[in-house]
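Novice: For the sequence shown, my numbering assigns the number 2 to the initial residue and increments by one for each residue that follows. Note that CB positions come from ideal geometry on N, CA and C, so glycine has one too. The structure presented is a predicted model; accordingly, all values stated were derived computationally and were not measured.
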Amino acid sequence: MHIALDDLPGHSGSTVERQPDGSLTDADLGRGTGDDAGRRPSAVGVLARCSCGWTGPTEHRPDEAGRMSATSDWVVHMRPLWAAAPPGWLLSRSDSLQESVIELAGTWPLQALGVIAHLERWQRTVTEEAVAQARDAGSSWADIGAVLGITRQSAHERFAQARDASGSRRGHRPAQQ
Ligand SMILES: [Zn+2]
């Protein structure tokens, strides 16, 4: 059964049923029309699966409650991916800003450089603040590195130090993960 929540490209969730012979079948295949609609009487368990290849860690009872639990497993799998997906409207603003600066550089290059210097000043501060917030919220250096397109090690080296330098931030904890 397809899990109708916001999919991300390459991540489409569904629940699958474990048959007594150990095989997994799409839960929709057994959907009947009677009281038992929605599951095969023969299923012995239900679990979540994602089109990326991920399979839920827990097999639940083959009933509605079990199906809900399997759906929750998929949500847990998706949560960091949703969290890291930037909002499209903001990305398109960023794209149009980039186009404007490129255009400006063609006619008034020094003005364009002035805008770029301005962007660099605030993006450094905002990046460090966002990293600190992500750490406070429990994100690992690997999570942060993945979003920024750098390795876990580079993320740690770049930001753990900045964080130490900023002194006793709230919730400061030793660099790890
Ligand atoms: Zn997935």
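Taking the straight line between their C-alpha atoms, what separation do you get for ALA161 and TRP142?
Specialist: Answer to the nearest angstrom: the Cα atoms are 9 Å apart.
Novice: For GLU60, count the other beta carbons within 10 Å of its own beta carbon; 16 or more makes it buried, fewer makes it exposed. Which is it?
Specialist: By the 10 Å Cβ count, GLU60 comes out buried.
Novice: Going by the CB atoms, is the gap between ASP64 and VAL45 shorter than 9 Å?
Specialist: For VAL45 and ASP64, no; Cβs fall outside 9 Å.
Novice: Looking at HIS3 and GLY14, is the spacing between their C-beta atoms short of 9 Å?
Specialist: Yes, these two residues count as a Cβ contact at 9 Å.
Novice: Check THR56 in the structure and name its three-state DSSP category.
Specialist: Strand at THR56.
Novice: For ARG62, which three-state DSSP category applies?
Specialist: ARG62: coil per DSSP, three-state reduction.
Novice: Are there any heavy atoms of ligand 1 lying less than 8 Å away from the beta-carbon of TRP123, as far as the coordinates show?
Specialist: TRP123: no, Cβ never under 8 Å from ligand 1.
Novice: Return the CA-CA distance between GLU100 and ALA86, expressed in angstroms with no decimal places.
Specialist: So the two alpha carbons sit approximately 22 Å from each other.
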